[in-house]
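Trainee:
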Amino acid sequence: MLNGPDQQAWSPSSRELERRNARRQISRKQFTIAGISSVLVLGALYTLIITSPGWRVVKATFFDLDYGREVLPTVLRGLVVNIQLSFIGGFFIAVIALSLALIRTTKSPALTPFRFLATAYVDIFRGAPLLLIILLVGFGVPALRLAGLTSNVIVLGTVAVVLTYSAYVAEVIRSGIMSIHPSQRAAARSLGLTSGQTMRFVVLPQAIKRVIPPLLNDFVSLLKDTGLVSILGVTDAVRAAQINASRTFNYTPYVVSAILFLLITIPLTRYIDRVIRRSSAKQNSEGAI
Amino acid sequence: MSNVLELVNVRKSFDSELVLNDLSLTVKEHTATVLIGASGSGKSTLLRCINLLETIDDGQIFLDGQEISDPLISVDEVRRKLGMVFQSFNLFPHKTVLENITLSPIKVHGIAPDQAREQAMVLLKRFDLADKADQYPDRLSGGQQQRVAIIRSLAVNPRVLLLDEITSALDPVLVNEVLSIVRDLKHDGMTMVLATHEMGFATQVADEVCFLESGLILERGSADQVLKSPQHAKTKDFLKRVHEAGRL
Chain G
1169 MLNGPDQQAW
1179 SPSSRELERR
1189 NARRQISRKQ
1199 FTIAGISSVL
1209 VLGALYTLII
1219 TSPGWRVVKA
1229 TFFDLDYGRE
1239 VLPTVLRGLV
1249 VNIQLSFIGG
1259 FFIAVIALSL
1269 ALIRTTKSPA
1279 LTPFRFLATA
1289 YVDIFRGAPL
1299 LLIILLVGFG
1309 VPALRLAGLT
1319 SNVIVLGTVA
1329 VVLTYSAYVA
1339 EVIRSGIMSI
1349 HPSQRAAARS
1359 LGLTSGQTMR
1369 FVVLPQAIKR
1379 VIPPLLNDFV
1389 SLLKDTGLVS
1399 ILGVTDAVRA
1409 AQINASRTFN
1419 YTPYVVSAIL
1429 FLLITIPLTR
1439 YIDRVIRRSS
1449 AKQNSEGAI
Chain C
17 MSNVLELVNV
27 RKSFDSELVL
37 NDLSLTVKEH
47 TATVLIGASG
57 SGKSTLLRCI
67 NLLETIDDGQ
77 IFLDGQEISD
87 PLISVDEVRR
97 KLGMVFQSFN
107 LFPHKTVLEN
117 ITLSPIKVHG
127 IAPDQAREQA
137 MVLLKRFDLA
147 DKADQYPDRL
157 SGGQQQRVAI
167 IRSLAVNPRV
177 LLLDEITSAL
187 DPVLVNEVLS
197 IVRDLKHDGM
207 TMVLATHEMG
217 FATQVADEVC
227 FLESGLILER
237 GSADQVLKSP
247 QHAKTKDFLK
257 RVHEAGRL
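From first to last, the protein sequence lines are chains G and C. For the first sequence, position 86 matches number 1254 in the working numbering, and the numbering has no gaps at all. For the second sequence, position 125 matches number 141 in the working numbering, and the numbering has no gaps at all.
(1) Is the beta carbon of C/Thr42 sitting closer than 8 Å to the one on C/Asn67?
(2) Nearest chain G C-beta to C/Cys30 closer than 8 Å, yes or no?
(3) Spell out whether any CB of chain G is found under 8 Å from the CB atom of C/Ser40.
(4) Rounded to a whole number of angstroms, what is the C-alpha to C-alpha distance between G/Leu1210 and G/Asp1232?
(5) Taking only the alpha-carbon atoms, compute the straight-line gap between G/Val1290 and G/Val1388 and give it to the nearest angstrom.
(6) Taking 8 Å as the limit between beta carbons, can you name the residues of its chain near C/Leu156, skipping five residues before and five after?
(7) Pull out every residue of the stretch 1373 to 1387 of chain G whose Cβ sits closer than 7 Å to any Cβ of chain C, in chain order.
(8) Taking beta-carbon pairs under 8 Å, can you tell me which members of the stretch 1356 to 1372 of chain G lie near chain C?
(9) Compare the beta carbon distance of C/Thr212 and C/Arg175 with 8 Å and say whether it is the shorter of the two.
(10) Between G/Ala1278 and chain C, is there a C-beta pair that is closer than 8 Å?
(11) I need the DSSP call for C/Glu181, collapsed to helix, strand or coil.
(12) Would C/Pro246 be called buried (16 or more neighbouring beta carbons within 10 Å of its own) or exposed?
(13) What's the gap between the Cα of G/Ala1355 and the Cα of G/Gly1395?
(14) Mapping DSSP to helix, strand and coil, what is C/Leu232?
(15) Does any residue of chain C have a CB that is nearer than 8 Å to the CB of G/Ala1354?
(16) Just confirm the distance between the C-beta atoms of G/Leu1279 and G/Ile1271, as a whole number of angstroms; I'd bet it's less than 8 Å.
(17) Can you name, in chain order, every residue of its own chain whose Cβ lies under 6 Å from the Cβ of G/Ser1334, other than the five neighbours on each side?
(18) Could you name the residues of chain G that C/Val172 contacts, counting a contact when the two beta carbons are closer than 9 Å?
(19) What do you get for G/Trp1178, buried or exposed, if any count of 16 or more other CB atoms within 10 angstroms of its CB means buried?
(20) With 8 Å as the threshold, decide whether the Cβ of G/Ser1351 is near any Cβ in chain C.
(21) At least one CB of chain G closer than 8 Å to the CB of C/Pro129: is that the case?
(22) Once DSSP output is grouped into helix, strand and coil, what is the label at G/Phe1387?
(23) Would you identify the three-state DSSP class for G/Gly1203, choosing helix, strand or coil?
(24) Let me see if you follow: with CB-CB separation under 8 Å, is C/Met100 close to chain G or not?
(25) Mind checking if C/Leu79 is an interface residue toward chain G, Cβ cutoff 8 Å exclusive?
(26) Compare the Cα-Cα distances from C/Val172 to each of C/Pro121, C/Lys141, C/Thr49 and report the closest residue.
(27) First and last residue of the alpha helix (DSSP H) that includes C/Leu201?
(28) Determine the burial state of C/Pro153: buried for a count of at least 16 other Cβ atoms within 10 Å of its Cβ, exposed for fewer.
(29) Against chain C, does G/Asp1404 count as a neighbour if the rule is that its beta carbon must be under 8 Å from one of theirs?
(30) Does C/Met267 pass the burial test, meaning 16 or more other C-beta atoms within 10 Å, or should it be called exposed?
(31) Run the CB neighbour count on G/Pro1350, radius 10 Å, all protein chains shown included, and call it buried at 16 or more, exposed below.
(32) Is there a Cβ from chain G that is less than 8 Å from the Cβ of C/Asp92?
(33) If you measure from the beta carbon of C/Ser120 to each beta carbon in chain G, is any gap under 8 Å?
(34) Quick one: is G/Met1346 buried, meaning 16 or more other Cβ sit within 10 Å of its Cβ, or exposed?
(35) Which of the three DSSP states is assigned to C/Leu264 in this structure?
(36) According to DSSP, is G/Ala1296 helix, strand or coil?
This is the structure we're talking about:
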């Protein structure tokens, strides 16, 4: 009946045409109101900023286009350091965090001391400020003057960031593992899988999939927080900007650096939002499994 | 016929609630034992104890004459010989139907992946699910998911199949497609212990029906004996209530 000739020959009734016309008028009116309101508010804001007595100084100090263009290559080279640090650090964070999460969720009696140590580790590095850890590792370790220990600030800075972020990420992964319903474990165990096999083939794949959005969020934070290693003298984007700014007392390099970070983090967070939306839509369709 | 499964004075309580009260049960090879009783009468707990998902408080459980309630025994070894199907299917949502079925044969029983897939396809074809092999569980209807779950537990050739209210989470129109598989398995001579609320189905497959009440088997016998002419007042009362609910 749906495909019958009646359906094909259907044309909207005059009442429906009236309704559509009314809806069009309403939306046109709303569009006009939104446009006028936006122009008024943004225009007022723009005028206020431009005509304010301090704007000329602000523009010269923070938004010096020529100077910005001049320092861009230096800051960009610094940003490459941040990106490298994020990826190399990210790899070690993933490995250590996964180990910590697995140790903390296992019930194996042989691992009891490791479980205790892992808990202590997470408590300490999740609770202490990252900047403090960077200072401790970056300046403290070279002060030991122990043979075999590096005094390379990039390496030490990365180690400090990895130490802290491993604790954060371990907790995210652990929460994912705990979120898998016990019935999944029961099904796997009753098929004869050992607890290790159950973790590897059944629990972990589902857990990781579930925590991908928060993990991506942590990656964005990681990228930003690599800027903190500049305090050790690593020439990253922040440090490169600082060097230039302190030389000229013009703060445009900081703004350039900030814009470069935003160019990466904003698209990345938009992407994460999409991933979260998609995964929550999928979870809902999965129902009560 | 030899005894495949033997439960002797099994006792299990959760906190202060006694769920299994010195319960004894013998399951012979190639027979189907049907457990009936109200919710909370201990049917599911009994099955979970057999599968060692729960540790019993007292008594003994024997599988092929070996005591599996011995704490020194390998639970993984025992579970390899038992198949369990759950009320809520418990398929692995991140694996396709074929991967769900072949996981245990490949990883636990060491069967070559190609061979495991071949055997799984034979089972899927037999139960009209061959076209679903590469689908993920959430694409399947409840009845299809439960049939896959049964096939998954069959794929390891269990000595005993434990079925825990496998149709309770299903739409009434989907119940029969699942029960027909169990009828086929009964015909094949599979040893089974089932907890169910489907009395008509119990009549068809049961060699023995056990009525559980407060952790005890109050009445046992053939389906005709227990379901048609129950002796115990509580059995009569339970069957009357089931009848009123339109399930007999």
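Even glycine gets a Cβ: it sits at the ideal position worked out from N, Cα and C.
Mentor: This is what the structure gives:
(1) The Cβ atoms of C/Thr42 and C/Asn67 lie no closer than 8 Å to each other.
(2) Sequence inspection shows Phe at residue 30 of chain C; the Cys mentioned does not correspond to that position. No, C/Phe30 does not count as interfacial toward chain G.
(3) Taking 8 Å as the CB threshold, C/Ser40 stays off the interface with chain G.
(4) If I take the Cα positions, the gap works out to 23 Å.
(5) Cα-Cα distance, rounded: 20 Å.
(6) Once the five neighbours on either side are set aside, the close Cβ partners of C/Leu156 are Val113, Lys148, Val164.
(7) The residues in question are Pro1373, Gln1374, Lys1377.
(8) Within the stretch 1356 to 1372 of chain G, those residues whose Cβ lies closer than 8 Å to any Cβ of chain C are, in chain order, Ala1356, Arg1357, Ser1358, Leu1359, Gly1360, Leu1361, Thr1362, Gln1365, Phe1369, Val1370.
(9) Contact: no.
(10) No, because no Cβ of chain C sits closer than 8 Å to the Cβ of G/Ala1278.
(11) Note: C/Glu181 maps to coil in three-state DSSP.
(12) C/Pro246 comes out buried.
(13) Answer to the nearest angstrom: the Cα atoms are 46 Å apart.
(14) Correct three-state label for C/Leu232: strand.
(15) Yes - at least one Cβ of chain C is within 8 Å of the one on G/Ala1354.
(16) With 8 Å as the limit, G/Leu1279 and G/Ile1271 qualify as a contact, their Cβ atoms being about 6 Å apart.
(17) Cβ neighbours of G/Ser1334 beyond the five flanking positions: Ile1261, Ile1264, Ala1265.
(18) Ordered by position in chain G, the residues that pass the 9 Å Cβ test against C/Val172 are Leu1359, Gly1360.
(19) Exposed, because fewer than 16 other Cβ atoms sit within 10 Å of the Cβ of G/Trp1178.
(20) G/Ser1351 counts as touching chain C.
(21) No, C/Pro129 lies away from the interface with chain G (no Cβ there is under 8 Å from its Cβ).
(22) When secondary structure is reduced to three states using DSSP, G/Phe1387 falls in the helix class.
(23) G/Gly1203 carries a helical assignment under DSSP once its states are collapsed to helix, strand and coil.
(24) Taking Cβ atoms only, chain G reaches closer than 8 Å to C/Met100, which makes this a yes.
(25) So no, C/Leu79 is outside the interface.
(26) Residue C/Pro121 is the option with its Cα nearest to C/Val172.
(27) DSSP places C/Leu201 inside the alpha helix (DSSP H), whose first and last residues are 188 to 204.
(28) Classification for C/Pro153: buried.
(29) Chain C has no Cβ within less than 8 Å of the Cβ of G/Asp1404.
(30) One cannot answer for residue 267 of chain C here, as it falls past the ends of chain C, which runs 17 to 264.
(31) Classification for G/Pro1350: exposed.
(32) At least one CB of chain G lies nearer than 8 Å to the CB of C/Asp92.
(33) By this cut-off, C/Ser120 is an interface position.
(34) Taking every protein chain shown into account, the CB of G/Met1346 has fewer than 16 other CB atoms within 10 angstroms, so this residue is exposed.
(35) Note that C/Leu264 scores 49 on pLDDT, short of 50, meaning its location in the model is unreliable and no value can be drawn from it.
(36) In the three-state DSSP reduction, G/Ala1296 falls in the coil class, being neither helix nor strand.
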